[in-house]
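Chemist: Would you mind keeping the following structure in view while I ask a few things?
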Ligand code: ATP
Ligand code: MG
């Protein structure tokens, strides 16, 4: 893409009132725009990152046998009444009346998934069921001030599964946990799987996926050897206690919750009559699991843990483009076409009325992992290669640049 056509231009200053790094940098670099508190547009650059993140999650979900679908976002009150959550979740849900009927905007989808499932399952042979989606969630968040980490409207990947036994649910639950760890690994994020209480919606322990970050709202206690972690809201252990496996004293740190998985057992299935006949012909209730990852929260979280005083530093796997090509001295079109032909996704700064200094500042702000400069100084057939996270530059041939970018 030609940067001269990219919407919008970058900004030199952060928006007033922005407190968090993700809010300041993502707005300045043109990834997001705020409509109101907790409500953001994903602009072309921001949407590219979100789609990259979604694709990584999609691949890992498909590997564990889940199928993608799309559930409605506008829900009738009646289905939420079946579990009692119309009342119980009143504070967080956007509920409203239209022409004498009451509705809610989706804040999660357990009830909607269960309503769908009960129409289509009848025998134990129909199990397990594993369905997921990427969609908007609406929550009446009171503290919506950490940029896109906490939106009133945000994108979540939510997966729901149904099983015929607790053992089968447990087994899949930990398969999903492994898939989540793989997702975060592919994004280069050091995420810690953390035990946490289920809150108002389930008695069973849940697991949160916590990204260590100074700006995080959560606090966890964890073993530096990686075998144990708890959210301090529920922690049964104390910071400084020696790890049982000899990894030294337990540490305490701030973290951002980027994912959460739940086992609901049969509680909701009993309320909604999600049942089937077992091999002996007896009626049984299905076991429900529910698994979420915050897609837009991840966009912001990556910025929180990967930036410097000049801007964002995207990991390669989620960067909006593979390479930022900068033209000086009016050159570069040939290189742009050549890279594109090689299947490389290029943001080409083709702007003619912008100084070299401003172009480089934009590269650093936007944060694509590799910058290539075409100039008279670099010479014919050559480019200057620089990685965002390093200061070193080198002159290499265009062929070598292509090879490196493809590897
Ligand atoms: P939090 O404790 O941060 O309010 P939650 O525990 O209520 O989050 P879940 O219901 O577990 O959130 O949702 C699953 C995932 O969706 C979370 O792990 C998080 O990544 C993401 N998420 C939840 N709320 C928001 C929000 N308001 N804005 C952006 N992402 C969110
Ligand atoms: Mg949670």
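Residue numbers (the working numbering): 909 to 1315. Quick reminder that beta carbons are idealized off the backbone N, C-alpha and C, glycines included.
Smallest Cα separation from residue 944: which of 1088, 1165, 1059?
Modeler: Residue 944 has its Cα closest to that of 1059, out of 1088, 1165, 1059.
Chemist: Below 8 Å, can you find three or more Cβ-Cβ pairs linking the stretch 1198–1207 to the stretch 1164–1181?
Modeler: Counting Cβ pairs under 8 Å, three or more are found: they touch.
Chemist: What are the start and end residues of the beta strand (DSSP E) that includes residue 1042?
Modeler: Segment 1037–1046, the beta strand (DSSP E) holding residue 1042.
Chemist: Output yes or no for whether 8 Å exceeds the beta carbon distance between residue 910 and residue 1258.
Modeler: Their beta carbons are under 8 Å apart, which means residue 910 touches residue 1258 by this criterion.
Chemist: For a test of your reading of the model: does the CB of residue 1168 fall under 7 Å from any non-hydrogen atom of ligand 2? Yes or no.
Modeler: Yes, ligand 2 has a heavy atom inside 7 Å of this Cβ.
Chemist: For residue 1168, report the span of its alpha helix (DSSP H) as first-last.
Modeler: Note, residue 1168: premise wrong, no alpha helix (DSSP H); beta strand (DSSP E) at 1159–1173.
Chemist: Name the residue from 1227, 1244, 1229 whose alpha carbon lies nearest to the alpha carbon of residue 1235.
Modeler: The shortest Cα separation from residue 1235 among 1227, 1244, 1229 belongs to 1244.
Chemist: Got a sec? Which residues, its chain only, sit under 6 Å from residue 1003 by beta carbon, not counting five neighbours each side?
Modeler: The residues are 1012.
Chemist: Which residue marks the beginning of the beta strand (DSSP E) containing residue 1100, and which one marks its end?
Modeler: That run of the beta strand (DSSP E) goes 1099–1104.
Chemist: From residue 942 to residue 916, what distance separates their C-alpha atoms?
Modeler: Rounded to whole angstroms, residue 942 to residue 916 spans 13 Å at the Cα level.
Chemist: Buried or exposed for residue 1098, going by 16 or more other Cβ atoms inside 10 Å?
Modeler: Exposed.
Chemist: Between the beta-carbon of residue 1117 and the beta-carbon of residue 1088, is there less than 8 Å?
Modeler: Yes. Within cutoff.
Chemist: Within this structure, are the beta carbons of residue 1119 and residue 1163 separated by less than 8 Å?
Modeler: Yes, these two residues count as a Cβ contact at 8 Å.
Chemist: Mind checking residue 1138: buried by the 16 CB within 10 Å criterion, or exposed?
Modeler: Answer is buried; the Cβ neighbour count reaches 16.
Chemist: Count the other CB atoms within 10 Å of the CB of residue 1082; is the residue buried (16 or more) or exposed (fewer)?
Modeler: Exposed, since its Cβ has fewer than 16 Cβ neighbours within 10 Å.
Chemist: Just reading off the alpha helix (DSSP H) that residue 954 is part of, what are its end residues?
Modeler: Counting along the chain, the alpha helix (DSSP H) containing residue 954 begins and ends at 952–971.
Chemist: Compare the C-alpha of residue 968 against each of 1140, 1067, 1254, 1022 and name the closest.
Modeler: Of 1140, 1067, 1254, 1022, the residue nearest in Cα terms is 1067.
Chemist: Give the list of continuous alpha helix (DSSP H) stretches no shorter than 4 residues that lie fully inside the stretch 988–1029.
Modeler: Listed in chain order, they are 993–996, 1018–1028.
Chemist: Run the CB neighbour count on residue 913, radius 10 Å, all protein chains shown included, and call it buried at 16 or more, exposed below.
Modeler: Classification for residue 913: exposed.
Chemist: Judging by CA-CA distance, which residue of 1000, 952, 1158, 1233 is the nearest neighbour of residue 1143?
Modeler: Ranking 1000, 952, 1158, 1233 by Cα distance to residue 1143 puts 1158 first.
Chemist: Using DSSP with H/G/I as helix, E/B as strand and the rest coil, what is residue 1235?
Modeler: Strand, per DSSP.
Chemist: Does at least one heavy atom of ligand 2 sit under 7 Å from the Cβ of residue 1116?
Modeler: Yes; taking the cut-off as 7 Å, the Cβ of residue 1116 has a heavy atom of ligand 2 nearer than that.
Chemist: Taking only beta-carbon atoms, is residue 985 less than 8 Å away from chain D?
Modeler: Although the question refers to chain D, the structure presented lacks it and comprises just one protein chain.
Chemist: Roughly how many angstroms separate the alpha carbons of residue 918 and residue 982, rounded to a whole number?
Modeler: Rounded to whole angstroms, residue 918 to residue 982 spans 35 Å at the Cα level.
Chemist: Measure the C-alpha to C-alpha separation of residue 1008 and residue 1224 and round it to an integer number of angstroms.
Modeler: Each residue's Cα considered, the two are about 51 Å apart.
Chemist: What residue range does the alpha helix (DSSP H) around residue 1092 cover?
Modeler: Taken as a continuous stretch (DSSP letters only), the alpha helix (DSSP H) holding residue 1092 covers 1074–1094.
Chemist: For residue 934, collect the residues of the same chain with a Cβ closer than 8 Å to its Cβ; drop the 5 residues on either side in sequence, then sort them by chain order.
Modeler: Here the set comprises 940, 954, 1055, 1056, 1207, 1208, 1211, 1220.
Chemist: Measure the C-alpha to C-alpha separation of residue 1110 and residue 1005 and round it to an integer number of angstroms.
Modeler: Straight-line Cα distance between these residues: approximately 29 Å.
Chemist: Just grab the DSSP bridge partners of residue 984 for me.
Modeler: DSSP output for residue 984 lists 1011 as bridge partner(s).
Chemist: Please determine whether the Cβ atom of residue 1165 lies at a distance below 7 Å from any heavy atom of ligand 1.
Modeler: It does: the Cβ of residue 1165 is within 7 Å (strictly closer) of some heavy atom of ligand 1.
Chemist: At which residues does the beta strand (DSSP E) containing residue 1255 begin and terminate?
Modeler: From DSSP, the beta strand (DSSP E) with residue 1255 extends over 1254–1257.
Chemist: List the whole-angstrom C-beta distance separating residue 1070 from residue 1025, where the pair is believed to meet the contact cut-off of C-beta under 8 Å.
Modeler: Right, the Cβ-Cβ distance comes to about 6 Å (below 8 Å), so this counts as a contact.
Chemist: So, helix, strand or coil for residue 913, using DSSP?
Modeler: Helix.
Chemist: Out of 1313, 1286, 1240, 1184, which has the shortest C-alpha to C-alpha gap to residue 1227?
Modeler: Answer by Cα proximity: 1313.
Chemist: Could you tell me whether the stretch 1046–1054 touches the stretch 1172–1185, using the rule of 3 or more Cβ pairs below 8 Å?
Modeler: As far as the Cβ criterion goes, the stretch 1046–1054 does not touch the stretch 1172–1185, which means the pair count is below three.
Chemist: Taking the C-alpha atoms as reference points, what is the distance between residue 1122 and residue 1035?
Modeler: Rounded to whole angstroms, residue 1122 to residue 1035 spans 43 Å at the Cα level.
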